[in-house]
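>
2 protein chains.
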Amino acid sequence: MFSPTEENYLKAIYLLTEKDSARAVATNELSAQMNTRAASVTDMLKRLADKRLIHYKKYKGVMLTTSGKSQALAIVRKHRLWEYFLVEKLKFQWDEVHAVAEELEHVKSEALIDKLDSYLNNPKFDPHGDPIPDRLGKLSASGFKNLTSLKVNEKGKVAAVIEQQPAFLKHLDKLHIHMSTPLKVIEHIAFDKSMTISINQTATVNISHEVAKNILITK
Amino acid sequence: MFSPTEENYLKAIYLLTEKDSARAVATNELSAQMNTRAASVTDMLKRLADKRLIHYKKYKGVMLTTSGKSQALAIVRKHRLWEYFLVEKLKFQWDEVHAVAEELEHVKSEALIDKLDSYLNNPKFDPHGDPIPDRLGKLSASGFKNLTSLKVNEKGKVAAVIEQQPAFLKHLDKLHIHMSTPLKVIEHIAFDKSMTISINQTATVNISHEVAKNILITK
DNA sequence: ATTTTATTTTAGACTAATCTAAATATTATT
DNA sequence: AATAATATTTAGATTAGTCTAAAATAAAAT
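Protein chains in written order, with this note's numbering: chain A, 267 to 485; chain B, 267 to 485.
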């Protein structure tokens, strides 16, 4: 159907607009996300536009068509299901699974993914808290808040993380912050936007804005 | 490390010489196995020879080097472990798994395969009865006999099948011949080399030489 | 409203893997 | 041993995906 490279471009466009699917993605944004040169992106955008997977106007950036979005969701579904499998069944750490899932997501078999989904009991969120689209591309609405938006004394549990680099995830491990860990805001430091929080009612630490903005919270 | 295509050529050479690793594989044999033209095979053989994965003399065919063989065994290991996973855990039929495993075998992660191996409790044979190499490339010796070599009244159980095309496997399903099914030879028909056998002490049927030679038997 | 800077696109080239058609080797047959 | 048939290799082309360098466009700054 589509090559792994085409799939990766579609996925990248989707992920860059996951929060705001109306906006256009710039060529340079994509080249950064894909680790390629802008010229290569332009080449690929022409091909994807020919296949009616994206809306593309020269110099104006790119958006997914309905068909492109449903393709992208299918790939994201595969990626997140495999991540869930790797952590739940094969006992990988949550910071180790991304690279492997990048490869597994391109294996082409509807039956494989549907059977994997059943085998895992149709999980709704992957190990990083990201929603897993169902066969039809539907996402469970999360209603998560960003940690930075909580007021002093507000509490919540870790529901998801945005950044998924191993370096970031290992940092959270060191702080004993995991999925479902209870957090409470002690203080916002205006000077550097950092926050003091209590973790699991035991430790109290200061975390940078950079870290806080990558943590999503639920009740 | 190696491209999926390079891996496929190594695997093909290995499988063609699994019974007799001393013999050379001809270009045309490989082109048939890989569904490509002989000219493409020649191109690839030059590349594999440059990488010291095969011994190659123009017009004289090809053999794996020690390094090529250990690469090939690693790929065969992945293929057969994934087949086992697909049948045992995801409940695929044994005739459905080959194509999917062809893709999964190229996913590059030592950790993935080792963890999968443990998760499956280090199986020694795949769903078709073929031995699964261990991490070091070692195979469990099977000592299976070909069904065609059994004498009248000799008994045994199905231990493996050679041909793995869905059409063949479905034919066996129809005859209720599966892994471990007890068989007994009733008669050899000299005229067409077919055999009459009893299956599971219930049915008695005649099977062609073509079918019989693809079934391996153990006690 | 120009000019400068940044972004994006085009032009042309490269590699891996494939193909067809033609040339060359090997093997089999008379 | 010469010839015919088969197998293999070479030559040259093609496609996907990438690159660098240069040209074109858009956005920002004066």
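Every residue, glycine too, gets a C-beta built ideally from N, C-alpha and C. Bear in mind the structure is a predicted one, so any value in this text is a computation, not a measurement.
1) If you follow the beta strand (DSSP E) that A/T271 is part of, which residue opens it and which one closes it?
2) Is the CB-CB distance between A/H442 and A/I465 below 7 angstroms?
3) For a contact meaning CB atoms closer than 7 angstroms, what does B/E369 contact in chain A?
4) Does A/K411 get closer than 7 angstroms to chain B when you measure Cβ to Cβ?
5) Might you give, ordered along the chain, the residues of its own chain that have their beta carbon closer than 8 angstroms to the beta carbon of A/H437, omitting 5 neighbours on each side?
6) Would you please verify whether the beta carbon of A/L356 is less than 7 angstroms from any beta carbon of chain B?
7) Let me know the beta strand (DSSP E) ranges lying completely inside the region 292–333 of chain A, each 3 residues or longer, listed in chain order.
8) Would you call A/P393 buried or exposed, if buried means 16 or more other Cβ atoms sit within 10 Å of its Cβ?
9) Does B/K381 come within less than 7 angstroms of chain A when only Cβ atoms are used?
10) So which residues on chain A does B/V353 lean against when the C-beta distance must stay under 7 angstroms?
11) Which of the residues in the region 382–403 of chain B, read from start to end, lie with their CB under 8 angstroms from any CB of chain A?
12) Assuming A/Y280 and A/V366 form a contact by the criterion Cβ under 8 angstroms, report the distance between their Cβ atoms to the nearest whole angstrom.
13) Buried or exposed, going by whether 16 or more other CB atoms sit within 10 Å of the CB of B/M267?
14) Residues in the same chain with beta-carbon distance under 6 angstroms from A/M329, minus the five sequence neighbours each way, listed in chain order, please.
15) Tell me, please, which residues DSSP counts as bridged to B/K453.
16) Using a beta-carbon distance below 7 angstroms, is B/V366 in contact with chain A?
17) Mind listing the chain B neighbours of A/L482? Cutoff is C-beta to C-beta under 7 angstroms, in chain order.
18) Report buried or exposed for A/V373, applying the criterion of at least 16 other Cβ atoms within 10 angstroms of its Cβ.
19) Do three or more CB pairs link the region 380–387 of chain A to the region 403–415 of chain A at distances below 8 angstroms?
20) Using the C-alpha atoms, what's the distance from B/L276 back to B/S307?
21) Look at the alpha carbon of B/A407 and the alpha carbon of B/G327, and state the distance between them as a whole number of angstroms.
22) Hey, how far is the Cα of A/F434 from the Cα of B/N274?
23) According to DSSP, is A/A338 helix, strand or coil?
24) Terminal residues of the continuous alpha helix (DSSP H) containing A/L438?
25) Look up A/K423 in the DSSP assignment and give the residues it is bridged to.
26) Is B/T470 buried or exposed, if buried means 16 or more other CB atoms sit within 10 Å of its CB?
27) Is the Cβ of B/L330 closer than 7 angstroms to any Cβ of chain A?
28) Is there contact between the region 388–405 of chain A and the region 345–364 of chain A, where contact requires at least three CB pairs shorter than 8 angstroms?
29) Any idea if A/L402 is buried or exposed, counting beta-carbon neighbours within 10 angstroms, 16 or more meaning buried?
30) Which residues in the same chain as A/M310 place their Cβ atom closer than 6 angstroms to its Cβ, once the five residues preceding and following it in sequence are excluded?
31) My assumption, with CB atoms under 8 angstroms, is that A/R346 sits in contact with A/I398. Please give the rounded CB distance.
32) Taking CB distances under 7 angstroms as the criterion, tell me whether B/L435 reaches chain A.
33) Would A/V451 and A/L416 be called neighbours here (beta carbons separated by less than 7 angstroms)?
34) Ordered along the chain, which non-local residues of its own chain (more than five positions away) have a Cβ less than 6 angstroms from that of A/M300?
Reading it off the structure:
1) Careful: A/T271 lies outside any beta strand (DSSP E), inside the alpha helix (DSSP H) at 270–282.
2) A/H442 places its beta carbon less than 7 angstroms from that of A/I465.
3) V373, K374
4) no
5) V477
6) Proximity of A/L356 to chain B, defined by a Cβ-Cβ separation below 7 angstroms, is satisfied.
7) 320–322, 328–330
8) With 16 or more other Cβ atoms within 10 Å, it is buried.
9) Chain A, which has a Cβ nearer than 7 angstroms to the Cβ of B/K381, makes this yes.
10) Within 7 angstroms Cβ-Cβ: nothing; B/V353 doesn't reach chain A, min ~11 angstroms.
11) L382, Y385
12) With a Cβ gap of about 20 angstroms, A/Y280 and A/V366 do not count as contacting.
13) Exposed.
14) A290, H321
15) The residue you asked about is not Lys; residue 453 of chain B is Glu in the sequence shown. DSSP output for B/E453 lists B/T462 as bridge partner(s).
16) yes
17) Neighbours of A/L482 on chain B: none; closest Cβ ~28 angstroms, over 7 angstroms.
18) A/V373 comes out buried.
19) no
20) Reading off the sequence, residue 307 of chain B comes out as Val, not Ser. Near 12 angstroms, if we compare the C-alpha coordinates of B/L276 and B/V307.
21) 28 angstroms
22) Here the C-alpha atom of A/F434 lies approximately 37 angstroms from the C-alpha atom of B/N274.
23) helix
24) 432–440
25) A/P448, A/T484
26) exposed
27) no
28) yes
29) With a 10 Å radius around the Cβ and a threshold of 16 neighbouring Cβ atoms, A/L402 comes out exposed.
30) Y275
31) 4 angstroms
32) no
33) yes
34) A278
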